[in-house]
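Sequence lines, in order, name chains A and B. Basically this note's numbering = 1-based index in the first sequence + 3. Basically this note's numbering = 1-based index in the second sequence + 193.
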Amino acid sequence: RKEVEQDPGPFNVPEGATVAFNCTYSNSASQSFFWYRQDCRKEPKLLMSVYSSGNEDGRFTAQLNRASQYISLLIRDSKLSDSATYLCVVNSQNTGNQFYFGTGTSLTVIP
Amino acid sequence: DAMVIQNPRYQVTQFGKPVTLSCSQTLNHNVMYWYQQKSSQAPKLLFHYYDKDFNNEADTPDNFQSRRPNTSFCFLDIRSPGLGDAAMYLCATSRVFGGGYNEQFFGPGTRLTVL
């Protein structure tokens, strides 16, 4: 079983739509959770850290459900510039200093 | 600005010709990572350094080696590149503090082409 699993998509949504991505992780001892954004042929860049209580940054909301080992990212009022691949990343201290990546979810926002 | 720098950004090499990719950081992070990323795939961890301690992934080919001469620099050596080694190579750093981790910061990557 993979450490982190994501629906690869692709998600094609119109401008202004709300879209949600989900991610599950297998290690119940995982401690740190992140969403990264990666544009084509560029490096991943941190979009949000995910906190236990959930957190929001403008149009973006991240949620963590430890009981279900599930992370989500909600994007409201999608913009063309949101088109990218979104990577779910999990860090588990009991497996050393590794960060485990999902395969990424591709989003295209259509005019 | 503090950052992760990779050189070169693009590297073309011939089949079997050794190549070295470099990474430097001004973040003073104690952990440095090398990832290989192929098209439409997640980054794949090759190895990482926690300070001077080297950690090799079990499935990283012997063809890939790494050096970290000091906190700021880390090198990836590919001794005999094959066509299958053509990929984006990403360097990343993170800081371990107490019992927690900060997020990873990535360099812009080196895109390797093998002819």
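Backbone N, C-alpha and C fix where the C-beta goes; we use that ideal spot for every residue, glycine too.
Helix, strand or coil at residue i [DSSP, three-state]
| i | result |
| --- | --- |
| D244 (chain B) | coil |
| L238 (chain B) | strand |
| D270 (chain B) | strand |
| A308 (chain B) | A quick correction: the sequence has Leu, not Ala, at residue 308 (chain B). Reduced to three states, the DSSP call for L308 (chain B) is coil. |
| R44 (chain A) | coil |
| A23 (chain A) | strand |
| T167 (chain B) | Since the first and last residues shown for chain B are 194 and 308, residue 167 (chain B) lies out of range. |
| R4 (chain A) | coil |
| Q204 (chain B) | strand |
| S259 (chain B) | strand |
| Y54 (chain A) | coil |
| Q199 (chain B) | strand |
| Q297 (chain B) | coil |
Boundaries (first-last residue) of the beta strand (DSSP E) holding residue i
| i | result |
| --- | --- |
| L283 (chain B) | 280-287 |
| E59 (chain A) | 58-60 |
| N68 (chain A) | 63-68 |
| L276 (chain B) | Here L276 (chain B) belongs to no beta strand (DSSP E), and DSSP marks it neither H nor E. |
| T264 (chain B) | It is not in any beta strand (DSSP E) - T264 (chain B) carries neither H nor E in the DSSP assignment. |
| N30 (chain A) | From DSSP, N30 (chain A) is part of no beta strand (DSSP E); its letter is neither H nor E. |
| P17 (chain A) | 14-17 |
Contact belief for residue i with residue j at Cβ below 8 Å, rounded distance in angstroms
| i | j | result |
| --- | --- | --- |
| Y39 (chain A) | V92 (chain A) | 6 Å |
| R202 (chain B) | P301 (chain B) | 6 Å |
| N200 (chain B) | V289 (chain B) | With 8 Å as the limit, N200 (chain B) and V289 (chain B) do not qualify as a contact, their Cβ atoms being about 26 Å apart. |
| L77 (chain A) | A23 (chain A) | 5 Å |
| V112 (chain A) | D85 (chain A) | 5 Å |
| A235 (chain B) | G105 (chain A) | 6 Å |
| T253 (chain B) | F240 (chain B) | 6 Å |
| F37 (chain A) | S52 (chain A) | 5 Å |
| D270 (chain B) | Q258 (chain B) | 4 Å |
| Q297 (chain B) | F102 (chain A) | 6 Å |
| N221 (chain B) | T264 (chain B) | 7 Å |
Interface flag, residue i vs chain D, CB-CB below 8 Å
| i | result |
| --- | --- |
| Q66 (chain A) | Looking for chain D here will not work: the only protein chains present are A and B. |
Buried or exposed (CB count within 10 angstroms, at least 16 for buried), residue i
| i | result |
| --- | --- |
| T286 (chain B) | buried |
| P114 (chain A) | exposed |
| Y242 (chain B) | buried |
| A70 (chain A) | exposed |
| L73 (chain A) | The sequence shown places Tyr at residue 73 (chain A), rather than the Leu named in the question. Y73 (chain A) comes out exposed. |
| C43 (chain A) | exposed |
| M225 (chain B) | buried |
| F208 (chain B) | exposed |
| L83 (chain A) | exposed |
Residue i CB to nearest heavy atom of the ligand NAD below 7 Å
| i | result |
| --- | --- |
| L269 (chain B) | As for the ligand NAD, it is missing from this structure, which has no ligand bound. |
> What are the start and end residues of each continuous beta strand (DSSP E) run of 3 or more residues lying completely inside the stretch 72-111 of chain A, in chain order?
Replying inline: Taken in chain order, the whole beta strand (DSSP E) runs of length 3 or more contained in the stretch 72-111 of chain A are 73-78, 87-94, 102-104.
>> Which runs of the beta strand (DSSP E) at least 3 residues long sit entirely within the stretch 209-237 of chain B? Give them in chain order.
In response: Counting only runs of 3 or more, we get 212-218, 224-230.
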